[in-house]
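One structure is given here, and the rest of the page talks about it.
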Amino acid sequence: MVCGNNMQDSKLKELEDEVSRFGTHQIKGIAYFLTLLGGAIDAVSYMGFDHTLPAAQTGNLLLLMVDITRLNVQGIAIKMTTLLSFIAGLVVSRCAYHYYRSIYWRIYILVGLSAACLFTFLAFDHLPSGLAIAPLSFTLAMTTGAFNKVENELYNNSFTTGNIKKAIIAWCEFLFKGQAEQKERAVIFTCLVLSFVIGAFTAALFYFLFGMAALLVILCEIIIFTVCYFLLIRFSQKS
1 MVCGNNMQDS KLKELEDEVS RFGTHQIKGI AYFLTLLGGA IDAVSYMGFD HTLPAAQTGN
61 LLLLMVDITR LNVQGIAIKM TTLLSFIAGL VVSRCAYHYY RSIYWRIYIL VGLSAACLFT
121 FLAFDHLPSG LAIAPLSFTL AMTTGAFNKV ENELYNNSFT TGNIKKAIIA WCEFLFKGQA
181 EQKERAVIFT CLVLSFVIGA FTAALFYFLF GMAALLVILC EIIIFTVCYF LLIRFSQKS
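In terms of full-length UniProt numbering, the sequence shown has 3 at position 3, counting the first letter as 1, and numbering is strictly consecutive.
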C-alpha cells in the first residue's frame, strides 16, 4: 500500500514538473492522445468521404490532382473544400493564440472539434460531402495550430510524416553519434508515430463494424479528453 502511494506521489510530482517546465498543452500524454485522435479522424474520413483527408493536406493535394485528371467533380469539390477549411482553421487558431487571453482558449477549440464530429456524423447522409466534412477539417486545423509543441519540440497531431522524420533522425543521432540527449526525443516522436498508427487502425476497424457511427466513438474520446484537459488546467492553476 505504501509502495502504491509512493508510486502515485512520484507520478504526480513528475506531472507537476512537466507542467511547470512546458505548460499543460505540451505534456507528452496530451500530444500522444491528440495524435491518436488525428489518425482516427483521418482514417474514418478517408473511408467515408471519397478518399479525402481532412488534415493531411499533402495527401489531399495529391489526390486532388488525380481527381482533376479524371474529371471527378465530386472529388475535386470535397478536397478543395477541406483544403480551404484547413487553411482557414489554421488562421483562426493563430489569431486566437495571439489575441485571445483566456487560459481556456484551447478548451474552446476542443469543444469545437467535438461539435464538428457530431455535425459531420449527422450531416453525412443529408448534405453534400464537402459541406459535411468542412467543419471537421476546419477544427482539426485549429487543433493542430493550438497544440503544436511537445516539450518545446514542434510536432503535428494530424499527420505524421514530419514525426517519422524526426524520430529516425533522433534515433540515428543517439545510436551512431552517442548523443544521449537525443534518446528522449527519439522516444517521444516514435510514440507519436505509434499513436497515429493505433488511432488510424482502430478507427478503421470501427468503421468496418459501425460505418460513420465510428465518429461517435471518436466524439466520446474527444469529450473525455477535453474534460481531463480542463481538470489539468485547473490543477496547474492550484499547484
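Virtual Cβ for every residue (Gly too), placed ideally from N, Cα, C.
These numbers were taken from a predicted model, which means no experiment stands behind them.
Under 8 Å: do the segment 179-190 and the segment 62-78 share three or more Cβ pairs, one atom per stretch?
Not touching, per the Cβ criterion.
Taking all protein chains shown into account, do 16 or more other C-beta atoms lie within 10 angstroms of the C-beta of THR160, making it buried, or fewer, making it exposed?
Here THR160 is buried: its Cβ has 16 or more other Cβ atoms, across all protein chains shown, within 10 Å.
From GLY48 to LEU205, what distance separates their C-alpha atoms?
Straight-line Cα distance between these residues: approximately 13 Å.
On the DSSP bridge assignment, give the partners of VAL150 in chain order.
Listed as beta-bridge partners of VAL150 by DSSP are GLU153.
Kindly indicate the opening and closing residues of the alpha helix (DSSP H) around ARG70.
Neither: ARG70 is in no alpha helix (DSSP H) and is coded neither H nor E.
For ILE133 versus THR82, is the C-beta spacing smaller than 8 Å?
Against a cut-off of 8 Å, the Cβ pair of THR82 and ILE133 comes out as a contact.
Tell me the rounded alpha-carbon separation between LEU136 and ALA203.
Take the alpha-carbon of LEU136 and the one of ALA203: they are about 16 Å apart.
Assuming SER129 and ASP67 form a contact by the criterion Cβ under 8 Å, report the distance between their Cβ atoms to the nearest whole angstrom.
Not a contact, Cβ separation roughly 13 Å.
Measure the beta-carbon distance from MET142 to VAL92 and round it to whole angstroms, keeping in mind my assumption that it falls under 8 Å.
At roughly 6 Å, the Cβ-Cβ gap stays under 8 Å, so MET142 and VAL92 are in contact.
Where the alpha helix (DSSP H) containing ASP42 begins and where it ends
Taken as a continuous stretch (DSSP letters only), the alpha helix (DSSP H) holding ASP42 covers 28-48.
Please tell me whether PHE138 and GLY39 are closer than 8 Å, where the distance is taken between their beta carbons.
Between PHE138 and GLY39, the gap from beta carbon to beta carbon reaches 8 Å or more.
Tell me the DSSP secondary structure of SER102 in three-state form.
Correct three-state label for SER102: coil.
Rounding to the nearest angstrom, what Cα-Cα distance links THR226 and ILE109 in this structure?
Spanning the two alpha carbons is a distance of roughly 10 Å.
Taking 7 Å as the cut-off, is the CB of PHE86 close to at least one heavy atom of the ligand NAP?
This structure lacks the ligand NAP; in fact it carries no ligand of any kind.
Alpha carbon to alpha carbon, how far is ALA43 from ASN157? Give it in angstroms, no decimals.
Their backbone Cα atoms lie some 14 Å apart in a straight line.
Starting from PHE208, follow the alpha helix (DSSP H) in both directions and report where the run begins and ends.
Note, PHE208: alpha helix (DSSP H), 181-210.
Locate the alpha helix (DSSP H) running through PHE174, then write down its first and last residues.
Its alpha helix (DSSP H) spans residues 161-177.
Check whether the segment 105-125 touches the segment 160-173, counting contact only when three or more Cβ pairs, one atom from each stretch, lie closer than 8 Å.
Taking 8 Å as the limit for Cβ pairs, the verdict is that the segment 160-173 does not touch the segment 105-125.
Distance between LEU122 and ARG94 (C-alpha atoms, nearest Å):
For ARG94 and LEU122, the distance between alpha carbons rounds to 29 Å.
Could you give the DSSP three-state label for PHE225: helix, strand or coil?
DSSP places PHE225 in helix when its eight states are reduced to three.
Nearest CA to the CA of LEU232: which residue from LEU215, VAL150 and ILE103?
The shortest CA-to-CA distance from LEU232 to any of LEU215, VAL150 and ILE103 is the one to ILE103.
Please state whether the Cβ-Cβ distance between VAL193 and ILE164 is less than 8 Å.
Yes; because the gap between Cβ atoms is below 8 Å, this pair is in contact.
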